[in-house]
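Everything below concerns the one structure shown next.
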Amino acid sequence: MDCKSFDDQLVSPNGNLLKLMRDYVCIRITDLTGVDIGLFEFDPDITLYCFIMNADEQIYLRYGGRDDASTDSYLNDDSLQLALEKGLALHEKYQAGEIAKTERPAAKFPGDYPEVKNGPLAKKQCVHCHHLGSGKTKLLQSQGKLDRLKDLWINPDIKNLGIELDVKKGLLVKNAEGAAAKAGLKKKDEIIKLEGKPVYSFGDLQYQLDKHPMEAKALKLTVLRKDAEVELELALDKWWRVTDISRRSGVHALEPFAEFWGKALDKAEKRKLGIKENEFGLEVTKFWVKTNGQAAGMQVGDIVYAVDDVTESEYTSNPTTWIRLNKNTGDTITVKVLRGGKKLGFSFKLKAKPW
Amino acid sequence: MKRTAFSLLLALAALTAWWATAPEPVEADGFEWITDYQEGLKKARAENKPIFLEFR
């Protein structure tokens, strides 16, 4: 299902979804101006994200989240209905005094990011999710507080841990491999807690996973297996949070600019050119402005396969991302490309921004 | 004949103008999306309902 059609279902729900949504007060916000993003914290690189909560602004659960493949990998009518049903049950418990109030996080607003304050807010334009991703990167980088090899891998992918969910059935496990399988996770287990925190939806699971530190060596999951709670401990490797961050607004805002734009080659395209899957491989596709890369001789169609003799890294196979993560404004780099069967090298200085 | 055509055109223009200025429906088949957060909180409190809040 594409995201538009899922969103269409939300705009004009019918059937069971409509019945469930009528039990809620439904609020739709399309402009984040004035929204407390300390309370409503979510992945900035999504098309929609939902909170199931109450009038005391107590959040019961989240619905949303994504992976590298798509914005809607985990969005569907069935799992939304499940989330809404869980929300109703939690609301009843809250009203019965069975759920304690949680402390409200410190308030934070989009205007706290100078880029948002001086950009869309100053121009009286709507603030969108992606503004938050780029605003955060810009602020942290300007303060010298951004750890480029840590802070940008937000909202990790559960598949890195070997967890595959039956996405229409919420947190029911479809298959376990790798660290999850080694820890004993099994098909048909239902994940109910992460590090002791209750999770009711994929949105909750990814949110709690995001709170788990990159340097952690293990992750505790609690699952429901045949009505019994089972505790599992997954061993984490050094790069367990690593995903393809080249799509993220927070990475696009990162300085320096690589001095070229391109499209990452897929496995088959790399193989054809003799490049291994984990090695750099990117086709230069555009020079929107006269960049230092173009001035040095780079051309559209060049295949970038090395930067300063580095041809691969553990955390990205995209050379533009590698440059942003490892180089600084003012550094001179040498990019090696394939062009018509020849290997060529171009050296140039990196600017902070393309324009 | 001319008068009928003119009346039809006038009616069509009026219909088009109404269509263009009609507010976007927020309620269909008894289902309503609220676009004001504070208003939604008040309504949820008054009706003792949970809230489904969508950001997009």
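Taken in sequence, the protein lines are chains H and P. 10 is the number of the first residue of the first sequence in the numbering used here; add one for each residue after it. 185 is the number of the first residue of the second sequence in the numbering used here; add one for each residue after it. Ideal Cβ positions, reconstructed from N, Cα and C, are used throughout, including at glycine. Quick caveat, the model's predicted, so the values are computed rather than measured.
At a beta-carbon threshold of 8 Å, the residues of chain P lying near residue 96/H are 234 and 236, ordered along the chain.
Of all C-beta pairs linking the region 163–182 of chain H to the region 280–294 of chain H, fewer than three are shorter than 8 Å, placing the two stretches out of contact. Residue contact with chain P for residue 135/H: absent (no Cβ-Cβ distance below 7 Å to any residue of chain P).
When C-beta distances to chain P are compared with 9 Å, the residues of the region 34–52 of chain H below that value are 34, 35, 36, 37, 38, 39, 41, 43, 44, 49 and 51, in chain order. For residue 259/H and residue 148/H, the gap between their C-alpha atoms comes out near 11 Å.
Distance check between residue 110/H and each of 121/H, 83/H and 66/H places 66/H closest, using alpha-carbon atoms only. Within a 10 Å sphere around the beta-carbon of residue 17/H sit fewer than 16 other beta-carbons, which makes this residue exposed. Rounded to the nearest whole angstrom, the C-alpha separation of residue 204/H and residue 217/H is 8 Å. Counting only residues of its own chain and dropping the five nearest sequence neighbours on each side, residue 144/H has a CB closer than 6 Å to the CB of 122, 124 and 125. For residue 56/H, the neighbours in chain P by C-beta distance under 7 Å run, in chain order, 240. Positions of the alpha helix (DSSP H) runs, each at least 4 residues long and wholly inside the region 233–287 of chain H, are given as 258–261 and 276–281 in order along the chain. Ranked by how close their Cα comes to the Cα of residue 312/H, the residues 271/H, 248/H, 244/H and 162/H have 271/H in first place.
Excluding five sequence positions before and after residue 326/H, the CB atoms of its chain that fall closer than 8 Å to its own CB belong to 273, 286, 287, 288, 289 and 290, given in chain order. Taking 4 residues as the minimum length, the region 31–77 of chain H contains no alpha helix (DSSP H) run wholly inside it. Taking C-alpha positions only, residue 233/P is separated from residue 216/P by approximately 14 Å.
According to DSSP, residue 185/H shares a beta bridge with 172/H. Within the DSSP bridge table, the entry for residue 199/H names 181/H and 233/H as partners. If you look at residue 118/H, you'll find it isn't in any alpha helix (DSSP H); DSSP assigns it neither H nor E. Checking the DSSP bridge columns, you'll see residue 217/P partnered with 35/H. Judged by pairs of C-beta atoms under 8 Å, the region 80–97 of chain H does not touch the region 42–52 of chain H, as fewer than three such pairs exist.
Three or more Cβ pairs closer than 8 Å define a contact, and the region 152–164 of chain H falls short of that threshold against the region 273–283 of chain H. The Cβ atoms of residue 225/P and residue 115/H lie no closer than 7 Å to each other. For a Cβ distance threshold of 9 Å, residue set 235, 236, 237, 238 and 239 of chain P lies close to residue 60/H, ordered along the chain. Residue nearest to residue 183/H within the set 267/H, 247/H, 173/H and 249/H is 173/H (criterion: CA-CA distance).
Taking every protein chain shown into account, the CB of residue 248/H has fewer than 16 other CB atoms within 10 angstroms, so this residue is exposed. In summary, the residues of the region 121–147 of chain H whose CB is separated from some CB of chain P by less than 8 Å are 138, in the order they occur in the chain. Taking the CA atoms as reference points, residue 230/H sits about 20 Å from residue 95/H. In the three-state scheme derived from DSSP, where H, G and I count as helix and E and B as strand, residue 341/H is classed as strand.
Under a 10 Å Cβ-count criterion, residue 224/H is classified as exposed, with fewer than 16 other Cβ atoms of the shown protein chains found around its own Cβ. Against chain P, a Cβ distance below 9 Å from residue 225/H picks out nothing, because the smallest value is about 29 Å.
Judged by DSSP secondary structure, residue 294/H falls within the beta strand (DSSP E) whose first and last residues are 291–295. The region 318–325 of chain H makes no contact with the region 293–304 of chain H, as fewer than three CB pairs between them are under 8 Å. A Cβ of chain P is located within less than 7 Å of the beta carbon of residue 63/H.
Taken through DSSP and simplified to helix, strand or coil, residue 333/H comes out as helix. Just measuring C-alpha positions, the residue of 353/H, 332/H and 346/H sitting nearest residue 361/H is 332/H. One Cα belongs to residue 226/H, the other to residue 158/H, and the distance between them is close to 17 Å.
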